[in-house]
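Student:
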Amino acid sequence: MEKPKFKTVQEVIASGEGLPERYLHTPTTESQPLDAPVPEMDIPAIDLILLLSPSEYGRQELSKLHSALSTWGVVQVMNHGMTEAFLENIYELTKQFFALPTEEKQKYAREIGSIQGYGNDMILSDDQVLDWIDRLYLTTYPEDQRKLHFWPEIPAGFRETLHEYTMKQQVVIEQFFKGMARSLELDENCFLDMYGENAMMDTRFNLYPPCPRPDKVIGVKPHADGSAFTLLLPDKDVEGLQFLKDGKWYKAPIVPDTILINVGDQIEIMSNGIYKSPVHRVVTNREKERISVATFCVPGADQDIQPVDALVTETRPRLYKTVKKYVELYFEYYQQGRRPIEAALI
Ligand code: OGA
Ligand code: NI
Numbered sequence: 001m002e003k004p005k006f007k008t009v010q011e012v013i014a015s016g017e018g019l020p021e022r023y024l025h026t027p028t029t030e031s032q033p034l035d036a037p038v039p040e041m042d043i044p045a046i047d048l049i050l051l052l053s054p055s056e057y058g059r060q061e062l063s064k065l066h067s068a069l070s071t072w073g074v075v076q077v078m079n080h081g082m083t084e085a086f087l088e089n090i091y092e093l094t095k096q097f098f099a100l101p102t103e104e105k106q107k108y109a110r111e112i113g114s115i116q117g118y119g120n121d122m123i124l125s126d127d128q129v130l131d132w133i134d135r136l137y138l139t140t141y142p143e144d145q146r147k148l149h150f151w152p153e154i155p156a157g158f159r160e161t162l163h164e165y166t167m168k169q170q171v172v173i174e175q176f177f178k179g180m181a182r183s184l185e186l187d188e189n190c191f192l193d194m195y196g197e198n199a200m201m202d203t204r205f206n207l208y209p210p211c212p213r214p215d216k217v218i219g220v221k222p223h224a225d226g227s228a229f230t231l232l233l234p235d236k237d238v239e240g241l242q243f244l245k246d247g248k249w250y251k252a253p254i255v256p257d258t259i260l261i262n263v264g265d266q267i268e269i270m271s272n273g274i275y276k277s278p279v280h281r282v283v284t285n286r287e288k289e290r291i292s293v294a295t296f297c298v299p300g301a302d303q304d305i306q307p308v309d310a311l312v313t314e315t316r317p318r319l320y321k322t323v324k325k326y327v328e329l330y331f332e333y334y335q336q337g338r339r340p341i342e343a344a345l346i
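Mapping the sequence shown onto the UniProt record's numbering, position 285 (from 1) lands on 285, and the numbers just tick up by one.
1) With three or more C-beta pairs closer than 8 Å as the rule, is the segment 289–298 touching the segment 179–187?
2) Report back the beta-carbon spacing between valine 238 and asparagine 206 to the nearest angstrom; my notes put them in contact at under 8 Å.
3) Could you name the residues of the same chain whose beta carbon sits closer than 8 Å to that of glycine 81, not counting the 5 residues immediately before and after it, in chain order?
4) Considering just the uninterrupted stretch of the alpha helix (DSSP H) at tyrosine 141, what are its terminal residues?
5) Relative to the C-alpha of glycine 247, which residue among Asp35, Ser53, Pro54, His280 is closest?
6) Grouping DSSP H, G and I as helix and E and B as strand, with all else coil, what is lysine 178?
7) What are the boundary residues of the alpha helix (DSSP H) that includes isoleucine 49?
8) Hey, is the segment 100–107 in contact with the segment 296–311, meaning 3+ C-beta pairs nearer than 8 Å?
9) Within the same chain, show all residues whose beta-carbon is closer than 6 Å to that of lysine 251, passing over the 5 residues directly before and after it, in chain order.
10) Could you compute how far the alpha carbon of aspartate 225 sits from the alpha carbon of valine 263?
11) Distance, Cα to Cα, glutamate 88 vs threonine 295?
12) Pick out the complete beta strand (DSSP E) segments inside the segment 169–224, 3 residues or longer, and give them in chain order.
13) Using the DSSP secondary-structure output, state which residues sit across from threonine 230 in a beta bridge.
14) Can you check whether the CB of glycine 73 is closer than 9 Å to the CB of tyrosine 275?
15) Are the CB atoms of threonine 139 and aspartate 202 nearer to each other than 9 Å?
16) Can you check which of these residues, Thr322, Pro299, Glu153, Thr315, is closest to threonine 230 by C-alpha distance?
17) Could you compute how far the alpha carbon of leucine 345 sits from the alpha carbon of threonine 315?
18) By Cβ distance, which residues of its chain are closer than 6 Å to tyrosine 330, with the 5 residues on each side in sequence left out?
19) Have a look at Phe150, Arg159, Asp131 and flag the residue whose alpha-carbon is nearest the alpha-carbon of leucine 19.
20) Taking the C-alpha atoms as reference points, what is the distance between glutamate 268 and isoleucine 218?
21) Cβ of glycine 119 within 8 Å of any heavy atom in the ligand OGA?
22) The alpha helix (DSSP H) that contains tyrosine 326, what's its start and end?
23) Where does serine 271 land, buried or exposed, given buried means 16+ other C-beta within 10 angstroms?
24) Return the Cβ separation of lysine 216 and leucine 24 in integer angstroms, given the expectation that the two are a contact with Cβ distance under 8 Å.
25) Under DSSP, the beta strand (DSSP E) around tyrosine 23 begins and ends at which residues?
26) Exposed or buried, what is glutamine 145 when buried is set at 16 or more other beta-carbons lying within 10 Å of its beta-carbon?
27) With hydrogens ignored, establish whether the beta-carbon of arginine 110 is closer than 8 Å to any heavy atom of the ligand OGA.
28) Is it the case that the CB of proline 253 approaches a heavy atom of the ligand OGA more closely than 8 Å?
29) CB-CB under 6 Å to leucine 244, same chain, minus the five flanking residues each way: which ones, in chain order?
30) Round the Cβ separation of proline 155 and leucine 93 to the nearest angstrom and send it over; I've been treating them as touching at under 8 Å.
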């Protein structure tokens, strides 16, 4: 079995070779050093139970959701049905996995041409500046798409917890789709129907080790997600995630026990551009390591993804073409340094 020839960030650090050129943004395309301080974004925490309640509070929650998703494209979600202890366990297992010896983690190493498994930043072109990140990427749903040989057997409980997390996230995903539809005064199943029965979930465990040059090295380059939307468990102590709005960067607040949900390109398309798929990035930290767990909700490969009819009006003409297998298109564009959603614009 062929293993990727590049070192993970943890291996680069352990080798003592110093900071390889391939990670350096020089000069940066940004006008500011990457670690320049930025203001905090002002996004609401949405109560997932209230969101689907027919009460006046429910209507208020829907309007909060509408306002946040049409400006930032991001919300924090609370009352998501997962206990603090359960989420704590996911963070703990993530830390434990990345703390394992290299040989143990290499058992789950990504194979060439495959996105699943453990490894460094995906290298798509020779001149790509690398992100300061190691990850374990696993398809979790549907179950028959799981490649269990990439699922860690150590730490104990990792597989079972990931399975349980997947099941719990599914409930959140369904509720969130319904909430989004209702917040746009649409039939509550209209996004879910387009998402399809063959939708997939991919979970990515991310490690951002401490970095000697946070001014010139980035954890994740600016991008918008190719998913319908993404569920994120950001590190509980270490900041780093930032969102772009009107040309300026803002940091995501850390709100304990919430799940951060950001719109991806495919909800932007389905909502005819009303809900924004935000550009975001992760900056590095000189002293502290950071972890996060991201789950991408991906519509079925056989689904036609397009603006829902009711959101196309005379005053709001259709902005996007019909796309299929958007994630493939996404990587093609991403590789060329372009925003993939441009390919979907009419
Ligand atoms: C991603 C992402 C943010 C984070 O994986 O697409 O944006 O905080 N992650 O790790
Ligand atoms: Ni992202």
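Think of the CB as a built atom: it goes at the ideal place given N, C-alpha and C, for glycine as much as any other residue. This structure is a prediction, so every number in the text was calculated from the model and none was measured.
Tutor: In terms of the structure at hand:
1) no
2) About 12 Å separates the two Cβ atoms, so there is no contact after all.
3) Leu48, Lys168, Val171, Val172
4) First-last for tyrosine 141: 134–141, but that is the beta strand (DSSP E), not the alpha helix (DSSP H).
5) His280
6) helix
7) 48–51
8) no
9) Val38, Glu40, Glu239, Gln242
10) 8 Å
11) 16 Å
12) 200–208, 218–223
13) Asn262, Phe296
14) yes
15) yes
16) Pro299
17) 17 Å
18) Gly226, Pro340
19) Asp131
20) 26 Å
21) no
22) 326–335
23) buried
24) 5 Å
25) Element bounds for tyrosine 23: n/a, residue is neither H nor E.
26) exposed
27) no
28) no
29) Val279
30) 5 Å
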